[in-house]
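Below is one structure, written out as C-alpha cells, with a few remarks after it.
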Amino acid sequence: MSASTTLSLKRAFTGIILGYVCLTALIVGVGVLSAQFSRTGARKTAEMSELLLPALQDLAGLQDAALRYHLANLEFVTGRDEEIQKRKLEEAARQRRDLERHAQALDGRLQALNSGISRAALTAAVGQYDGAVERLRAALKANDFTEAMRLLDTEVAAASAAVDAALAKLTEQVSSQALVNGGETSAILARNLKFGVTLSIAVGALGLAGSGLVFWLSRRISRPLQQAMTQMHEFTESTATASVQISNSSQLLADGASQQAASLEETSASLEEMSGMTRRNAEAAENAKQIAGATRTAVEAGSAGMQRMNTAMEGIKSSSDEIAKIIKTIDEIAFQTNILALNAAVEAARAGEAGAGFAVVAEEVRALAQRSATAAKETAEKIEAALAKSAEGTRTSAEVSGMLTQIVEQVRRMDTLVAEIATASREQSEGITQVNKAVSAMDNVTQSNASTAEESAAAAEQLSAQSRELKGVVEQLRGLIGGGAAAQPREADVSPAVVAPAARAPRRPVAHAPGAAHA
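Structure follows, in C-alpha cells:
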C-alpha cells in the first residue's frame, strides 16, 4: 500500500469519525429538544383542559344565573298575590347563590392561570344590582308604586346592563386567552414536526455515510482488512436498524402532530360555536329587557286605571248617599201631605164659614206638592249621574282587565325567552364537552409523542455507543495501515499475520500482534 493511499485513508477515517460524531450529537440534541417541546405541549394542553375550558363553563353558568336572577326579580314585581311573590323571592335567592358559586369557582381558575384577568368589575356590578333590587323591594313593600317603577326603569335596568357588560368582557378575555394558548400549542407542534423531519434527515445521512464507507473500503482496502471491514459492516447494519427505528419514531411524531393539529381545529370550531351561543344569550337578554320595559308600561297603565276606577266608585257612592237623603225627604213630604189631606177632609166637613181654614190647608198641600216635584226632578238627575258613573266604572274595569291580560302575555313571552336561553346554555355546555374531548385527545397524542421522543433519544444513545465502537475499529484500521506500510517489501508474508490477530481480537490494535512484531 503506497504512502499516498495511506494518507488518504487516514484523512478519510478522520472525516468519517468526525461526521459520525457530529451526526450522533445532532440526533441526541434533536431528541432532547423534541422531548422538551413535548413536555411544553403537554403543559399547554393541561392548561387548556383544566383551567381555560372550565373557566368558560363558569362564565356560561354566570350568564345563565345572572339572567335568571334578573327575570325572577322582574316576575316578583309583576306578581299578582303574595304566594307568587314569595316563590319568586325564593327563586331569586337560589339564582343569587348559583351566581356566587360560579363566581368563586371562576376566581380560583383565574388565579391559577395568572393571566391578569380579574372579575372586579363584575363584582362591583353585581353589588350595584343587589342594592337597586333591595330598594325596589322596599318601595313595593311600602306600596310606593311610583318610586318602584322609577327604580325598575333606571337603577335596576342600568345595573343589569352593567352586569351583562362585565360578563361579556370577561368572556372575551378568557376566550382570547384560550385562542392564544391554542396558537402556542400549534407552534410547539410545528416545532416538533420540524425536529422530527430534521431527525429523519440526519438518520438518513448517517445511514448513507455508513453505506458509502463500506462500499469505499471494499474497493480500496486489500484482503488483510477484510475482517475489519466485515465488523464495520455489522456496525453499519446496526446503525441502519437504529436509523429505521428512529425514522419510524419520527413518523409517529409527525402523525401525532397532525392529529394534534386536527384536534386544535376542532377546538377552534367549538370556541367559535360557543361565541355564537354567547351572542344568542346576549340577544335573548336584550329581548327580555325590552319585554320588562313593556311590562312596566302595562303595570303603570293598570295602576292608573285602578285609580280612575276607585275615583268613579267613590263618586257612585256619594251619589247614592245623596239619592238616599232625597228619597227620605220625599217620604217625609208624602207623610205630611197625607196628614194635611186628612185635615183638609176634616175642614171640608165643616163647610160653611169654616171654609177659609180649608183654603189654607189646600195652599199648604199645594206647596208640599211643589216640593215633591222639585225633589223628584233632583232625584232623576242624581240617578242619571249615578248611571254615568257606573258606566265609567265598567269601562275602567274592562281596561284594567285588558292591561292585566297584556301583563300575563308579557310574562309568557318572558318564560319562552328563558326556555330559549336554557336551550342555548345546554348547547354551549355540549360544545364545551366536545372541546374537552378534543383536548383530551390532544393530551393523549402529546403523551405518545413524549414517549416516542424518549425512544428516539434511546436509539440515539445506542447510535452513539455504536459510533464509539466504530471508532475503535478505525483505530485498528490505522494500526493495520501502519503495519502494511512498514512491511510493504514482504507483503505476502505480512498479510497472513495480520488476518489472524484481527480475527481473534477485532478491537485490539494490530500493531502489537505477534505477526506484526515478527515483521
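If you count the sequence shown from 1, position 89 lands on 87 in this note's numbering, and the numbers rise without skipping.
Every residue, glycine too, gets a C-beta built ideally from N, C-alpha and C.
Check                                                                                                                             : Outcome
Range covered by the alpha helix (DSSP H) that runs through residue 75                                                            : 51 to 75
Three-state secondary structure assigned by DSSP to residue 141                                                                   : coil
Contact set for residue 282: own chain, Cβ-Cβ below 6 Å, skip 5 residues either direction                                         : 415, 418, 419
Minimum length 4: unbroken alpha helix (DSSP H) runs contained in the region 91 to 157                                            : 118 to 139, 143 to 149
Residue from 113, 169, 291 whose Cα sits closest to the Cα of residue 156                                                         : 291
Segment contact, 8 Å Cβ cut-off, at least three pairs: the region 83 to 101 with the region 421 to 435                            : no
Distance between residue 175 and residue 158 (C-alpha atoms, nearest Å)                                                           : 26 Å
Whole-angstrom distance between residue 76 and residue 287, CA atom to CA atom                                                    : 14 Å
Where residue 244 falls, given that 16 or more other Cβ within 10 Å makes a residue buried                                        : buried
Same chain only: Cβ atoms within 7 Å of residue 452, ignoring 5 sequence neighbours per side                                      : 33
DSSP state of residue 278 mapped onto helix, strand, coil                                                                         : helix
Nearest neighbour of residue 310, chosen from 210, 384, 169 [CA to CA]                                                            : 384
Secondary structure of residue 500, DSSP reduced to three states                                                                  : The predicted model places residue 500 with a pLDDT of 38, which falls under 50 and marks its position as unreliable, so this point remains unresolved.
Exposure label - residue 340; buried when at least 16 CB within 10 Å                                                              : exposed
Alpha-carbon spacing of residue 29 relative to residue 62, whole angstroms                                                        : 48 Å
Alpha-carbon to alpha-carbon, residue 164 and residue 119                                                                         : 6 Å
Closest Cα partner of residue 25 within the set 471, 465, 83, 179                                                                 : 465
Same chain, Cβ closer than 7 Å to residue 386, neighbours up to 5 away in sequence not counted                                    : none
Assigned secondary structure, residue 79 (DSSP; H/G/I helix, E/B strand, else coil)                                               : coil
Whole-angstrom C-beta distance between residue 58 and residue 166, which should lie under 8 Å                                     : That pair is no contact at about 12 Å.
Cβ-based neighbour list, residue 108, same chain, cut-off 6 Å, excluding 5 preceding and 5 following                              : 115
Other residues of its chain near residue 265: CB distance less than 7 Å, five sequence neighbours each side excluded              : 180, 433, 436, 437
Distance, residue 439 Cα to residue 41 Cα                                                                                         : 14 Å
Three-state class that DSSP yields for residue 348 in the structure shown                                                         : coil
Local Cβ density within 10 Å of residue 172, reported as buried at 16 or more and exposed below that                              : buried
Chain-order list of residues whose beta-carbon lies under 6 Å from that of residue 138 (same chain, five-residue window excluded) : 146
Proximity winner among 149, 198, 360, relative to residue 336 (alpha-carbon distances)                                            : 360
Burial state of residue 73 (16 or more Cβ within 10 Å)                                                                            : buried
Whole-angstrom distance between residue 69 and residue 304, CA atom to CA atom                                                    : 26 Å
Beta-carbon gap between residue 37 and residue 448 smaller than 8 Å                                                               : yes
Through-space distance from residue 239 to residue 427, alpha-carbon basis                                                        : 50 Å
Contact belief for residue 67 with residue 94 at Cβ below 8 Å, rounded distance in angstroms                                      : 6 Å
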